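Q: Top to bottom, those sequences are chains A and B.
For the first sequence, the residue numbers in our numbering are 625 to 888.
For the second sequence, the residue numbers in our numbering are 4 to 310.
Okay, handing you the structure first.
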Amino acid sequence: MRLVTTPLLVQAPIVEHCLVAKEVWRLTLCSPHIALAAQPGQFINVRPSSGHDPLLRRPFCINRISLEAQTISILYKIVGRGTKLLSLYKVGEQVDIIGPLGQGFKLTKPMERVLLVAGGMGIAPMYPLAKELCAKGSRVTCLLGVRCADDLAEVGELAELGVKVATASEDSGGTYHGTVTGLLAKTLRDDDFSQGFACGPNAMLSAVKDVCREARLPLQISIESMMACGLGVCLGCTCPRGEGDMYWHVCTDGPVFNAEEVSL
Amino acid sequence: MASPGIMQTKLASLSLQSPLLTASGTSGYGQEFSRLFDLHHLGAIVVKGITLAPRRGNPGTRLVETSAGLINSIGLENPGVEEFISREMPFLRQQKIPAIVNISGNTLEEYAALAARLSGADGVSALEVNISCPNVKEGGMAFGANCESAAAVTRAVREHSNLPLIVKLSPNVTDISSIALAVEGAGADAISLINTILGMAIDVHSKRPILGNIMGGLSGPAIKPVALRMVWQVYRAVKIPIVGMGGISNWQDAAEFILAGATAVAIGTASFVNPLAIPEIHHGLKFYAEKQGVKNIAELRGLAHQQ
């Protein structure tokens with residue numbers, strides 16, 4: 625059994641930093657505390673610069689957890705100044721991170737047949753989730769959707785875990801030509817599942833939620849949000865609740881929610 | 004040999020072990036940061052703004068990062084005064100440092116009711132009266148925008164509370180000194196400044212304002228020169244102590260505010276970026292004071308005004 629501990633601020637040395645798809649990087653950091661405490665679906669808050677500009681930390685889902693190597697990884701794409709700066713870090717340098725943060729995927733009840741749905745960088749939390757599910761004896765299928773096939777990451781690694789992987793690409797380079805939501809609808813017509821998990825942009829999650837509701841498939845989603853502190857202090861990362869007029873705070877109530885608990 | 008009490012600070016009638024406070028809205032109700040560092044480096048916790056009734060806060064996007072800054076439009080999300088007292092005060096009472104409760108109202112009566120209720124609550128050391136929130140429609144900043152309404156709020160709170168009153172001023176005014184004088188005259192024991200500077204950002208792709216509330220409050224290093232200038236001006240205008248804040252990120256920034264006339268300083272946005280900012284600034288400032296050869300940090304206050 626793993627220990628559940630409080631988040632820690634650490635200067636974590638980089639042990640690996642490599643390109644895993646056309647514009648997708650994996651950054652692997654050594655932190656015994658975070659590696660031991662992290663659960664699939666949790667995130668770390670990374671400070672890309674010690675200066676004032678860019679100012680804030682950036683939250684990233686944890687993409688690998690290695691108890692043996694005492695490392696965790698994140699997966700990212702260069703989309704702005706923060707990720708550009710991050711991409712310049714070299715192996716051996718230290719990165720200022722806080723983690724693990726947030727509520728991960730809820731894996732308490734047995735799940736026999738599990739469907740993972742990832743859109744774009746929504747692939748990031750899927751590997752540690754699939755690994756844990758496979759270890760618990762679940763049969764896992766993963767659908768990956770990308771705009772362009774060059775962005776596909778993790779396909780081989782997931783297959784090695786024993787996950788059945790299908791890809792959707794809008795440029796026809798995947799096994800399915802179209803969006804991951806289209807692939808999801810097709811998959812649900814052909815097969816039965818007992819639990820779904822999804823991560824990706826809000827518009828995609830909203831569509832996935834509709835398709836899963838129609839198919840009566842329980843769904844957990846991991847959502848993305850702009851954050852200032854990641855600790856539940858600034859109250860900036862809100863997401864409307866599924867019922868009533870109150871908000872969740874993505875950093876402490878999430879980032880993983882039961883799909884019906886949130887209004888996307 | 005350093006004086007053991009070099010950081011001890013008297014703020015109105017409050018005795019603080021350090022001149023460093025948390026800025027309201029940047030440390031929640033104390034528990035979140037207590038998980039990351041020992042709160043004993045703090046002079047006092049200034050809690051997230053409390054209103055009479057619960058507030059859900061503003062819809063849509065609440066945060067935008069700008070150059071060396073952050074614009075927020077949280078909209079005073081809080082559980083309301085009763086829930087605050089029952090749910091958050093027990094933790095704050097257990098801490099060995101004073102809890103300063105930040106209050107906001109839509110009307111003078113609401114400010115008065117909050118002052119009365121909190122003055123009767125065990126563990127509240129002082130009130131910070133927010134007349135400067137840029138993110139709520141009624142009240143908030145509107146009260147801080149002119150001398151008469153700023154004084155009226157201060158009087159309303161003063162009449163209903165014997166606690167030390169710190170009035171938090173808005174920088175979104177033409178003449179900060181006149182507002183400071185008005186609240187001093189109305190019974191404020193101290194002044195805190197600055198609250199955030201009204202700002203906005205537009206998404207060039209959607210061609211729409213990014214924040215759900217369109218405008219928000221700018222904080223962070225970008226506003227420090229403005230905040231420092233206002234502390235300087237207010238120090239020359241009033242006799243009551245000043246809590247300086249606005250973009251303080253390191254001990255040098257904190258020292259600048261003290262030299263400009265602040266008795267205490269508050270750390271806000273910097274704690275989001277570096278949750279250890281307060282203990283780090285505490286140590287840096289203490290070392291600086293020791294190097295200056297003073298027995299107490301207060302000896303550095305306002306030195307920049309000397310001819």
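Note that CB positions come from ideal geometry on N, CA and C, so glycine has one too.
Fair warning: this is a prediction, and the values are worked out from it, not measured in the lab.
Mind checking if Phe275 of chain B is an interface residue toward chain A, Cβ cutoff 8 Å exclusive?
A: yes
Q: Whole angstroms is fine: what's the gap from Asn299 of chain B's alpha carbon to Val268 of chain B's?
A: 15 Å
Q: On the premise that Val246 of chain B lies in contact with Thr272 of chain B, defined as a C-beta separation below 8 Å, what is that separation, rounded to the nearest angstrom?
A: Not a contact, Cβ separation roughly 16 Å.
Q: Return the Cβ separation of Gly911 of chain A and Gly726 of chain A in integer angstroms, given the expectation that the two are a contact with Cβ distance under 8 Å.
A: With chain A covering 625 to 888 only, the question about residue 911 of chain A has no answer from this structure.
Q: From the DSSP output, which residues share a beta bridge with Ser18 of chain B?
A: B:Lys13
Q: When you compare only the Cα positions, how much space is there between Asp958 of chain A and Thr69 of chain B?
A: Within the shown structure, residues of chain A are numbered from 625 to 888, placing residue 958 of chain A beyond reach of any answer.
Q: If you follow the alpha helix (DSSP H) that Thr157 of chain B is in, where does it begin and where does it stop?
A: 150-162
Q: At a Cβ threshold of 8 Å, is Ser887 of chain A touching chain B?
A: For Ser887 of chain A, no Cβ of chain B is located within less than 8 Å of the residue's own Cβ.
Q: Three-state secondary structure (DSSP) at Asp720 of chain A?
A: strand
Q: Can you find a C-beta in chain B that's less than 8 Å from the C-beta of Pro678 of chain A?
A: yes
Q: Of the choices A:Ala742, A:Leu776, A:Asp775, whose alpha-carbon is the least far from that of Thr765 of chain A?
A: A:Ala742
Q: Check this for me: beta carbons of Ile722 of chain A and Asn669 of chain A, under 8 Å apart or not?
A: With respect to Asn669 of chain A, Ile722 of chain A sits close: the two C-beta atoms are nearer than 8 Å.
Q: Would Met870 of chain A be called buried (16 or more neighbouring beta carbons within 10 Å of its own) or exposed?
A: exposed
Q: Quick one: what's Glu640 of chain A bridged to in DSSP?
A: A:Thr652
Q: Rounded to the nearest angstrom, what separates Ala37 of chain B and Thr791 of chain A at their Cα positions?
A: Note that residue 37 of chain B corresponds to Ser in the displayed sequence, not to Ala. Answer to the nearest angstrom: the Cα atoms are 45 Å apart.
Q: Tell me whether Asp41 of chain B is buried or exposed, calling it buried when 16 or more other Cβ atoms sit within 10 Å of its Cβ.
A: Exposed.
Q: Can you give the Cα-Cα distance for Gln309 of chain B and Ile638 of chain A, rounded to whole angstroms?
A: 50 Å
Q: Look up Ile747 of chain A in the DSSP assignment and say whether it is helix, strand or coil.
A: helix
Q: What is the C-beta distance between Gly202 of chain B and Leu172 of chain B, in whole angstroms, given that I count them as a contact (C-beta under 8 Å)?
A: That belief does not hold up - the Cβ atoms of Gly202 of chain B and Leu172 of chain B are roughly 17 Å apart, past 8 Å.
Q: Using only alpha-carbon positions, find the residue among A:Leu740, A:Ser887, A:Met735, A:His873 that is nearest to Ser818 of chain A.
A: A:Met735
Q: Assuming Phe881 of chain A is part of the beta strand (DSSP E), what are its boundary residues?
A: Phe881 of chain A -> beta strand (DSSP E) spans 880-882.
Q: Report the rounded CA-to-CA distance for His873 of chain A versus Leu859 of chain A, giving the unit in angstroms.
A: 7 Å
Q: Excluding the 5 residues flanking Ser674 of chain A on each side, which residues of the same chain have their C-beta closer than 8 Å to its C-beta?
A: Asp720
Q: Helix, strand or coil, according to DSSP, for Asn826 of chain A in the structure here?
A: helix
Q: With a threshold of 8 Å between beta-carbons, can Arg158 of chain B be considered close to chain A, or not?
A: Residue contact check for Arg158 of chain B against chain A: no CB pair falls below 8 Å.
Q: With DSSP collapsed to three states, give me the class of Gln663 of chain A.
A: Of the three classes helix, strand and coil, the one that applies to Gln663 of chain A here is coil, per DSSP.
Q: If you follow the beta strand (DSSP E) that Phe684 of chain A is in, where does it begin and where does it stop?
A: Where Phe684 of chain A is concerned, the enclosing beta strand (DSSP E) stretches over 682-690.
Q: Short of 6 Å in beta carbon distance, which residues of its chain neighbour Cys823 of chain A, apart from the five on each side in sequence? Order them along the chain.
A: Ala742, Gly746, Pro749, Ser846
Q: Report all residues from its chain with a CB closer than 7 Å to the CB of Gly802 of chain A; omit the five preceding and five following residues, and keep chain order.
A: Ala792, Glu794
Q: If we define contact as Cβ-Cβ less than 8 Å, is Gly188 of chain B a contact residue for chain A?
A: False, the Cβ-Cβ gap to chain A never drops below 8 Å.
Q: Taking Cβ positions only, does Arg65 of chain B come closer than 8 Å to chain A?
A: yes
Q: Between Thr64 of chain B and Met851 of chain A, how many whole angstroms is the CB-CB distance? I'm expecting something under 8 Å.
A: About 12 Å separates the two Cβ atoms, so there is no contact after all.
Q: Just to check my reading of the structure: Val648 of chain A and Leu699 of chain A have Cβ atoms closer than 8 Å, yes? What is that Cβ distance to the nearest angstrom?
A: 6 Å
Q: If you reduce the DSSP assignment to three classes, tell me which class Ala47 of chain B lands in.
A: Ala47 of chain B falls in the strand class under three-state DSSP.
Q: Quick one: list the residues of chain B neighbouring Ile722 of chain A, beta-carbon separation under 9 Å, in chain order.
A: Leu39, Pro278
Q: With a floor of 4 residues, list each alpha helix (DSSP H) that falls wholly inside the stretch 52-94 of chain B, ordered by position along the chain.
A: none
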